[in-house]
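**Q** Please find one structure pasted underneath; my questions will follow.
In the working numbering, the protein residues as written are 7 to 247.
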């Protein structure tokens, strides 16, 4: 089966769906290729700072999130070594927009709801891209299910091991020296915490938590490590610490 498209976006995550919606807003139709069988709504949460919220406002979806999540007005950073606590004020510092912590699932759904049902092709794992110079569509995409898509424009939003990046000849990803562990904790009877960011710093280790609502808490830990040091036992020991 051969399909012809003007614009193909590889990757149906936040970047891919946001790109598709931005194109739709200016009248350009695109096809998003997602290797999963459905919208991948797994994952913890993320903090949307003013620039991200303004971008989502331009896409016409920010109201879906700001109506159900409480903006973060301030936070505290505690130095574990000496016990000092620094207050960080967020409210009104950037265009009167405060950061907001949201579920990754909620953001993905907010974006996908604005796209037509045929805009995302699921179970479409890209295996190879060929360059064709003598036809109207310079890129030929081969999918693992045998489908072939001819495209005039290919946009790569397919993550760290990007097939599109490899096709463009970009360098392989390198280890950044940083690891992060993130999760969600649910308190069925409520956590009773204020809507504030709490961070704890001890050398290269930074941990913290942010309430998403009355019952859910987004938490994280980030630290520097080499690839060999970043084993699961070491990560667990840091979490226990």
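All C-beta atoms in this analysis are idealised placements derived from N, C-alpha and C, irrespective of residue type, glycine included. No experiment lies behind these values; they were computed from the predicted model shown.
DSSP beta-bridge partners for residue 93?
**A** Counting from one through the chain shown, the residue named residue 93 turns up at place 87. Looking at the DSSP assignment, residue 93 forms a beta bridge with 82.
**Q** Can you find the residues in the same chain that come closer than 6 Å, C-beta to C-beta, to residue 153, ignoring five residues on each side of it along the sequence?
**A** To locate residue 153, count along the chain shown from 1; it is residue 147. So the qualifying residues of the chain are 7.
**Q** So for residue 24, helix, strand or coil by DSSP?
**A** Counting from 1 along the chain shown, the entry for residue 24 is found at position 18. Note: residue 24 maps to helix in three-state DSSP.
**Q** Suppose the cutoff is 7 Å on Cβ atoms and the five residues either side in sequence are ignored; what does the same chain contact list for residue 26 look like?
**A** To locate residue 26, count along the chain shown from 1; it is residue 20. So the qualifying residues of the chain are 15, 36, 38, 121 and 125.
**Q** Considering only residues of the same chain and omitting the five flanking positions on each side of residue 220, which have a CB-CB separation below 8 Å?
**A** The count along the chain shown starts at 1 and reaches residue 220 at position 214. Only 196 and 197 meet the Cβ criterion.
**Q** Would you identify the three-state DSSP class for residue 191, choosing helix, strand or coil?
**A** Reading the chain shown from its first residue, position 185 is the one you call residue 191. Looking at residue 191 - three-state DSSP - the assignment turns out to be strand.
**Q** Give me, in chain order, the residues of the same chain whose beta-carbon lies closer than 8 Å to that of residue 106; leave out the 5 immediate sequence neighbours on both sides.
**A** As a position in the chain shown, residue 106 is number 100, starting the count at 1. Contacts found: 53, 54, 59, 71, 72, 75, 76, 77 and 78.
**Q** Are the CB atoms of residue 217 and residue 201 within a distance shorter than 7 Å?
**A** In the chain shown, residue 201 corresponds to position 195, counting from 1. In the chain shown, residue 217 corresponds to position 211, counting from 1. Taking 7 Å as the Cβ cut-off, residue 201 and residue 217 qualify as a contacting pair.
**Q** Under DSSP, the alpha helix (DSSP H) around residue 65 begins and ends at which residues?
**A** Locating residue 65 in the chain shown gives position 59, where the first residue counts as 1. Note, residue 65: alpha helix (DSSP H), 56–65.
**Q** In its own chain, which residues sit with a C-beta less than 8 Å from the C-beta of residue 127, not counting the 5 before and 5 after it?
**A** As a position in the chain shown, residue 127 is number 121, starting the count at 1. These residues qualify, in order along the chain: 37, 38, 39 and 40.
**Q** Can you grab the Cα-Cα spacing for the pair residue 145 / residue 139, in whole Å?
**A** Here residue 145 refers to the residue found at position 139 when the chain shown is read from its first residue. Here residue 139 refers to the residue found at position 133 when the chain shown is read from its first residue. Roughly 9 Å separates the two Cα atoms.
**Q** What are the start and end residues of the beta strand (DSSP E) that includes residue 230?
**A** By 1-based counting over the chain shown, the position of residue 230 is 224. Unbroken beta strand (DSSP E) run through residue 230: 222–230.
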